[in-house]
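Asks: The sequence shown begins at 25 in this note's numbering and counts up by one.
After the structure tokens below, expect a handful of questions from me.
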Amino acid sequence: MHHSPNCSFEHGGRTNGIDHPAKHDEEKHGCLSTKLRPAPESSSGVAVSTWLKQRLLFAGQVILFTIIVVQAVMLYRSLALASACGIVDAGALRRQTASSQSSSSGIPQYYQTSPELFPGPTPTGEPAFLAQTNPAPFPSTTYTPPSPLETQVPIQGNKDDGNIFHMMGQLSHYFPNPDGFGVDEYPLPENATIKQLNMLSRHGARYPTTGSGAPILAEKITNYTTGFLGDVEFTGPLSFLNKWQYKLGAEILVPVGKQELFDSGTLHQYMYGHLYPNNGSKIIARSTTQDRMTKTAEYFLAGFFGLDWPSNATLVLAIEGSDSTWNNSLAGYDNCPNSNKPVSAGGNNATIEWYNIYLADATERLRPHAPGFNWTVTDTYNAQSMCAYETVALGYSAFCDLFTFEEWQGYEYSVDLYFAGGYGFQSPTGRAVGIGYVQEILARLQHHVIDHPVAQINLTLDNNTATFPLDQTLNFDFSHDTNIMAILTAFGFTHFAPFLPPDHIPTHPH
25 MHHSPNCSFE
35 HGGRTNGIDH
45 PAKHDEEKHG
55 CLSTKLRPAP
65 ESSSGVAVST
75 WLKQRLLFAG
85 QVILFTIIVV
95 QAVMLYRSLA
105 LASACGIVDA
115 GALRRQTASS
125 QSSSSGIPQY
135 YQTSPELFPG
145 PTPTGEPAFL
155 AQTNPAPFPS
165 TTYTPPSPLE
175 TQVPIQGNKD
185 DGNIFHMMGQ
195 LSHYFPNPDG
205 FGVDEYPLPE
215 NATIKQLNML
225 SRHGARYPTT
235 GSGAPILAEK
245 ITNYTTGFLG
255 DVEFTGPLSF
265 LNKWQYKLGA
275 EILVPVGKQE
285 LFDSGTLHQY
295 MYGHLYPNNG
305 SKIIARSTTQ
315 DRMTKTAEYF
325 LAGFFGLDWP
335 SNATLVLAIE
345 GSDSTWNNSL
355 AGYDNCPNSN
365 KPVSAGGNNA
375 TIEWYNIYLA
385 DATERLRPHA
395 PGFNWTVTDT
405 YNAQSMCAYE
415 TVALGYSAFC
425 DLFTFEEWQG
435 YEYSVDLYFA
445 GGYGFQSPTG
455 RAVGIGYVQE
465 ILARLQHHVI
475 DHPVAQINLT
485 LDNNTATFPL
495 DQTLNFDFSH
505 DTNIMAILTA
515 FGFTHFAPFL
525 PPDHIPTHPH
């Protein structure tokens with residue numbers, strides 16, 4: 025699955041101790057846009073992972089016409105979807121006395137970014153020291169410095185100069201798709217103008233979720249190396265673990281994640297800066313109170329406007345987490361109890377079935393080098409995730425070259441399975457999780473507030489033009505990758521609909 029930092033609409037006119045994409049992210053981005061592009065299909069068969077990446081980007085080219093055509097259906101379906109989701113409308117955002125500062129200043133808490141309210145876990149990791157830890161230069165004609173991550177690790181079986189760091193799904197650092205958007209580019213039709221932008225962006229690269237697979241593996245390794253006190257050690261390719269230390273934080277942005285959003289904001293300034301009213305008025309941008317979500321929006325706005333962005337934009341924060349009692353279309357799973365129940369565990373179950381297949385050989389290869397450790401296939405899968413997380417946080421990870429190129433292709437497909445079964449068309453609650461944001465896009469296009477309970481809609485915010493403006497030409501929203509996948513599904517983008525089997529990587533004529 026391709027990692028893209030944002031989703032733009034142009035309007036003309038952790039389970040079982042494994043690392044999978046957590047419902048709050050987990051790392052990377054899908055893209056939506058209504059800038060029109062023709063969509064020719066290739067006749068050659070490709071792995072579904074590549075297909076899904078291209079289709080995710082292709083979805084960003086769906087024409088505004090499609091949104092308008094489906095809006096009546098979406099409006100009709102919304103209540104039924106809310107029922108499928110098991111939503112009990114949390115109603116308006118509740119006002120609480122968060123701090124003496126916010127109370128004394130009279131600032132509504134959905135405008136307050138400092139001090140943070142409901143930020144979630146915020147432990148940071150150790151600073152990177154790539155100048156010392158990088159084993160490069162790897163064999164090459166000349167040394168190429170990291171930019172800023174070390175991604176030149178030689179991988180067994182990589183015959184076509186592939187890049188495993190493009191195969192880590194939402195955990196990959198951002199990179200432009202080498203195939204573009206999978207369609208031919210062409211200029212706007214004569215006399216056509218872009219009148220409005222609706223952008224939906226994922227947060228940047230970050231540390232793993234508390235209690236997910238990577239930190240669980242780290243704890244198991246630490247217990248092993250400290251418990252045996254040198255009597256038993258890792259050997260061979262795992263010998264680096266004898267002195268290895270876990271240096272990752274949890275859930276907040278890593279340095280390159282901050283850069284990704286600043287760069288994205290700068291790019292959007294070049295692409296859409298003309299749409300800013302530039303008349304002294306401030307636009308409304310939206311994110312959530314989770315630390316990485318708030319920081320993501322702030323870095324993006326700094327890239328778009330500069331460090332004085334508060335002079336140009338007001339950041340509205342919807343409360344995320346806090347026992348899931350707050351309506352929030354940017355984290356719709358919090359308002360969908362059924363999305364957190366076994367009925368919606370198909371993606372996770374398929375991922376487990378698949379990694380037991382594609383990592384069987386790798387597990388047998390590594391197990392003899394961990395005497396007394398009880399190295400399992402789940403440990404092998406979590407080691408792949410550790411590679412991704414250490415790379416974006418520390419610049420380099422020795423876990424990466426434990427696996428063959430084919431095993432990294434298998435990892436990429438495991439992410440596809442999780443998204444398809446957890447939040448896509450193979451999920452019974454995928455559309456229900458995303459329908460709230462779809463309703464907001466339709467309301468913007470139809471120029472009306474939302475004045476009645478619908479799915480995850482927060483009426484305090486969406487029934488007020490001060491926090492849900494109707495005439496804004498630049499709309500910047502920030503969400504999580506799983507929520508973005510659910511939104512794509514709720515829009516009815518059937519490019520993601522074909523069934524993904526959990527026992528092999530199929531090919532498709534796309």
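Just so you know, even glycine gets a beta-carbon here, dropped at the ideal spot from N, CA and C.
Nothing here was measured: the structure is a model prediction, and the numbers come from that model.
At a threshold of 7 Å, does GLY356 count as lining the ligand FMN (C-beta to nearest heavy atom)?
Replies: Summarising the ligand content, the structure contains no ligands, and the ligand FMN is consequently not present.
Asks: From which residue to which residue does the alpha helix (DSSP H) around ALA417 run?
Replies: Taken as a continuous stretch (DSSP letters only), the alpha helix (DSSP H) holding ALA417 covers 401 to 418.
Asks: Jot down the residue ranges of each uninterrupted beta strand (DSSP E) in the segment 475 to 499, minimum 3 residues, whole runs only, in chain order.
Replies: Here no run is fully enclosed.
Asks: For a quick check, are the C-beta atoms of GLN463 and LEU524 less than 8 Å apart?
Replies: Cβ atoms of GLN463 and LEU524: not closer than 8 Å.
Asks: If you follow the beta strand (DSSP E) that LEU390 is in, where does it begin and where does it stop?
Replies: Segment 384 to 390 is the alpha helix (DSSP H) holding LEU390; no beta strand (DSSP E) there.
Asks: If contact is defined by three or more beta carbon pairs under 8 Å, each pair taking one atom from either stretch, is the segment 181 to 188 in contact with the segment 424 to 439?
Replies: Touching, yes.
Asks: Cutting at 6 Å between CB atoms, please list the residues of its own chain near ILE511, excluding the five before and the five after it.
Replies: If we look at ILE511 and ignore the five residues flanking it on each side, its Cβ neighbours are GLY458 and TYR461.
Asks: Taking the DSSP output, what are the residues bridged to SER451?
Replies: DSSP lists no partner for SER451.
Asks: How do the segment 435 to 443 and the segment 496 to 503 stand: do at least 3 beta-carbon pairs fall below 8 Å, yes or no?
Replies: The segment 435 to 443, when compared against the segment 496 to 503, does not touch it at the 8 Å Cβ threshold.
Asks: Kindly identify the DSSP beta-bridge partner or partners of ALA337.
Replies: In DSSP, ALA337 forms a bridge with ILE307.
Asks: To the nearest angstrom, how far is the alpha carbon of THR518 from that of PRO178?
Replies: Looking at the two C-alpha atoms, the distance is approximately 37 Å.
Asks: What span of residues does the alpha helix (DSSP H) with SER438 cover, start to end?
Replies: 429 to 446 is the span of the alpha helix (DSSP H), which, as asked, contains SER438.
Asks: Do you know offhand how far ASP315's Cα is from ALA417's?
Replies: About 17 Å.
Asks: So which of ALA342, ASN362, THR246 and CYS360 has the shortest CA-CA distance to LEU354?
Replies: Nearest C-alpha to LEU354: ALA342.
Asks: For LEU173, does the three-state DSSP call read helix, strand or coil?
Replies: Correct three-state label for LEU173: coil.
Asks: Can you tell me whether DSSP reads ALA510 as helix, strand or coil?
Replies: Looking at ALA510 - three-state DSSP - the assignment turns out to be helix.
Asks: Does DSSP classify LYS47 as helix, strand or coil?
Replies: Residue confidence is low: LYS47 scores 46 on pLDDT, short of 50, so the model does not pin down where it sits. No coordinate-derived value is stated.
Asks: Go ahead and label VAL340 buried or exposed: buried means 16 or more other beta carbons lie within 10 angstroms of its beta carbon, across all protein chains shown.
Replies: Buried, because 16 or more other Cβ atoms sit within 10 Å of the Cβ of VAL340.
Asks: I need the DSSP call for THR531, collapsed to helix, strand or coil.
Replies: It is a strand residue.
Asks: Below 8 Å, can you find three or more Cβ-Cβ pairs linking the segment 292 to 303 to the segment 227 to 241?
Replies: Because the criterion of three Cβ pairs below 8 Å is not met, the segment 292 to 303 and the segment 227 to 241 do not touch.
Asks: To the nearest angstrom, how far is it from the Cα of GLY260 to the Cα of THR349?
Replies: Approximately 50 Å between the Cα atoms of the pair.
Asks: Evaluate HIS227 with the Cβ neighbour count: other Cβ atoms within 10 Å of its Cβ, from every protein chain shown; 16 or more gives buried, anything less gives exposed.
Replies: That one is buried.
Asks: How would you label ASP255, buried or exposed, when you count the other beta carbons within 10 angstroms and need 16 or more for buried?
Replies: With fewer than 16 Cβ atoms within 10 Å of its Cβ, ASP255 is classed as exposed.
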